[in-house]
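The structure appears below as structure tokens.
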Ligand code: NDP
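In UniProt numbering, the protein residues as written are 5 to 338.
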């Protein structure tokens, strides 16, 4: 089995030499254990934070040990007393490797009769739930609201834009990088307006797209986009601070948004969240999202990279915008 390890803590932008792909022994499953052949690995921006040795909501990757992350796979061997049979599809957190030895009692079996297994890493997994919680609990959308979503062509953002509409938003605006993504926002995901942050002039673009201001901003990127949104927020507006990918590779913390003080006069609520504290919403969300997928009213994209050896490039890709929708690594089934 091959596994990815972090061997040096990146300063600024990670380099290929900060990582290595190594062969590791695969042990037979003991009592209550299962051996899983991973078939899909989740590739996520938060992994950049885990490369730093700093206290956070999720522990840092340890140097010279297998990295971890969301994954799905198929059980290829089961130890005595394992409640999960060989052949079952499961989701777990021992990604970045080809085989995972797991405690069956702590592993989630997936029903793949209606959706492909990898959906549980995206729209029916953490990224979909994040979009839903952000717009229902953190910065609740009310009927008639104008909603702005950044990182809108990504896994969280593309789902957030569509959920905003379902929650009654009168207008949903998205931002993404490059003309193709911007076109996809309106033509495929049903955003009412879209802006290309790489074009610059964010405040002007946002003013044109949201002449009546913004009531709810779902922030995936931080930085200049957050600042531009602050200038357009309406009285009593709400901002869900979900991610800040524009600063994840910064060597030192950049200054906060220059227009933050506008939050006072506008009586804004800015609320950060990590989805781990909101897992109780999962059953409610899964029920709704499964229905939307079945009726075809929730659209998703996947960007798939093949092979464990390409997982690192997939990570660099998700950080630089190579993906539309969920970034995934596909590994062979057998
Ligand atoms: P995405 O699928 O959105 O991929 C990341 C995207 O970020 C890229 O495709 C790229 O798109 C965009 N990007 C990269 N650099 C910049 C930049 N400088 N400015 C603006 N956009 C940039 O990833 P996810 O959907 O998995 O995650 C989206 C955000 O949500 C991340 O910030 C992530 O950390 C956060 N998150 C937070 C969670 C929580 O619990 N709070 C849970 C899950 C995710 P483009 O081509 O448009 O630049």
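Note that beta-carbon positions come from the ideal geometry of N, C-alpha and C, so glycine has one too.
In the DSSP assignment, residue 135 falls within the unbroken alpha helix (DSSP H) covering 130-137. In terms of CA proximity to residue 43, 80 leads the group 80, 278 and 31. Contact check for residue 54 against residue 252 fails: the beta carbons are separated by 8 Å or more.
The three-state reading of DSSP puts residue 50 in coil, since its state is none of H, G, I, E or B. Bounds of any alpha helix (DSSP H) do not take in residue 143, whose DSSP letter is neither H nor E. Under DSSP, the beta-bridge partners assigned to residue 243 are 221 and 274.
For residue 76, the closest of 168, 212, 211 and 39 by C-alpha to C-alpha distance is 39.
Taking 8 Å as the cut-off, the Cβ atoms of residue 331 and residue 47 count as close. Annotated three-state conformation of residue 97 is coil, per DSSP. Under the three-state reduction of DSSP output, residue 317 falls in the helix class. In the three-state reduction of the DSSP assignment, residue 61 falls in the coil class, being assigned neither a helical nor a strand state. The beta carbon of residue 331 sits closer than 7 Å to at least one heavy atom of ligand 1. Per DSSP, reduced to three states, the secondary structure at residue 211 is helical.
With respect to the 8 Å criterion, residue 159 and residue 116 are not classified as neighbours on the basis of their beta carbons. Per the C-alpha coordinates, the member of 28, 136, 189 and 8 positioned closest to residue 328 is 189.
Our two residues, residue 227 and residue 250, have alpha carbons roughly 6 Å apart in a direct line. Around the CB of residue 71, 16 or more other CB atoms lie within 10 Å, so the residue is classed as buried.
Short of 6 Å from the beta carbon of residue 263, and not among the five residues preceding or following it, lie these beta carbons of its own chain, in chain order: 231, 234 and 235. Contact annotation, residue 316 with residue 8: C-beta distance approximately 7 Å; criterion of less than 8 Å satisfied. Three or more pairs of CB atoms, one per stretch, sit closer than 8 Å, so the segment 110-130 contacts the segment 292-311.
In its chain, beyond the 5 residues on either side, 35 and 36 have a beta carbon closer than 7 Å to the beta carbon of residue 85.
Within a 10 Å sphere around the beta-carbon of residue 283 sit fewer than 16 other beta-carbons, which makes this residue exposed.
When C-alpha distances from residue 141 are compared across 209, 288, 89 and 65, the shortest belongs to 288.
Burial is judged here by how many other beta carbons sit within 10 angstroms of a residue's own beta carbon; residue 278 has fewer than 16 and is exposed. Taking a contact as a CB-CB distance under 8 Å, the pair residue 10 and residue 65 counts as one, their CB atoms being some 5 Å apart. Just measuring C-alpha positions, the residue of 18, 5, 22 and 224 sitting nearest residue 12 is 22. Annotation: residue 288 is outside any beta strand (DSSP E); the continuous alpha helix (DSSP H) that includes it extends over 286-299.
For residue 115, the shortest C-beta to heavy atom distance toward ligand 1 is 7 Å or greater.
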